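Residues 2 to 161 (this note's numbering) are what the sequence shown spells out, left to right. Report on one structure; see the data block that follows.
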Amino acid sequence: MNLLCKKPTKMSFLEFSGIKPRIAYLANNLGAKALELTRDDQLLRFQMRNGKKAIFSKSKEGEILALGEAQKMLDILKSADDKRTDKQKLMDRDGCSCVYCGIELTLRTATVEHVIPQSHGGTNELYNLALSCSDCNERVGNLPPAQKLIVAREHLLMAI
Ligand SMILES: [Zn+2]
Numbered sequence: 002m003n004l005l006c007k008k009p010t011k012m013s014f015l016e017f018s019g020i021k022p023r024i025a026y027l028a029n030n031l032g033a034k035a036l037e038l039t040r041d042d043q044l045l046r047f048q049m050r051n052g053k054k055a056i057f058s059k060s061k062e063g064e065i066l067a068l069g070e071a072q073k074m075l076d077i078l079k080s081a082d083d084k085r086t087d088k089q090k091l092m093d094r095d096g097c098s099c100v101y102c103g104i105e106l107t108l109r110t111a112t113v114e115h116v117i118p119q120s121h122g123g124t125n126e127l128y129n130l131a132l133s134c135s136d137c138n139e140r141v142g143n144l145p146p147a148q149k150l151i152v153a154r155e156h157l158l159m160a161i
């Protein structure tokens, strides 16, 4: 087996740090066995159930390289990401509380709030979305963004 027959997938160290727990979780789910590192530049090394190896290593330039089956692991994570709902992505980004009142939210109770309302030209892109409870979502309704921020600020000030 030649790990170098395919160009490695590259990512930044920061990106790698962010997904490292998910890589470990996925490896576990795939029945992969963690192997001891054999070189200084290696960060993670697994033996997959098919006997092939997945290696994450660090290049001289400081980039993280996914070699062999590690590329397939990244593909799996990426397709899982595509399937994750906006709510799950927002919870990962912002935590599980209402952006306005701070009440704790679950996937069931959270509603997706448009910071710039769609009626004001706001999009469904993640940067325009936040999680709020349904009460607040209704309360702020179609307020212009500046006023929404004031509502959000009130809650943030009360938390101090
Ligand atoms: Zn709320």
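Just so you know, even glycine gets a beta-carbon here, dropped at the ideal spot from N, CA and C. If you're wondering where the values come from, they're calculated on a predicted model, not measured in any experiment.
Excluding sequence positions up to five away, which residues of its chain have a Cβ less than 7 Å from the Cβ of residue i?
i          : result
residue 49 : 31, 33, 55 and 70
residue 43 : 56 and 58
residue 20 : 78
residue 3  : Any reading at residue 3 is ruled out, since the residue's pLDDT is 49, under 50, leaving its predicted position unreliable.
For residue i, is the classification buried or exposed, using 16 other Cβ atoms within 10 angstroms of its Cβ as the cut-off for buried?
i           : result
residue 153 : buried
residue 67  : buried
residue 9   : buried
residue 14  : exposed
residue 28  : buried
residue 108 : exposed
residue 62  : exposed
residue 147 : exposed
Quick check on residue i: does DSSP put it in helix, strand or coil?
i          : result
residue 36 : coil
residue 23 : helix
residue 58 : strand
Among the residues of its own chain, which have a CB less than 6 Å from the CB of residue i, if the five just before and after it don't count?
i           : result
residue 101 : 133, 137, 152, 153 and 156
Within the present structure, is the beta-carbon of residue i separated from the nearest heavy atom of ligand 2 by less than 7 Å?
i           : result
residue 105 : You won't find ligand 2 in this model; what it holds is ligand 1.
For residue i, collect the residues of the same chain with a Cβ closer than 8 Å to its Cβ; drop the 5 residues on either side in sequence, then sort them by chain order.
i           : result
residue 46  : 35, 36, 37, 38, 39, 54, 55, 56 and 57
residue 110 : 134 and 135
Hey, which residues come within less than 6 Å of ligand 1, measuring from Cβ to any heavy atom, in chain order? 99, 101, 102, 104, 133, 134, 136 and 137
Curious, which full-length beta strand (DSSP E) runs of at least 3 residues does the stretch 63 to 143 contain? 65 to 69, 112 to 115 and 130 to 133
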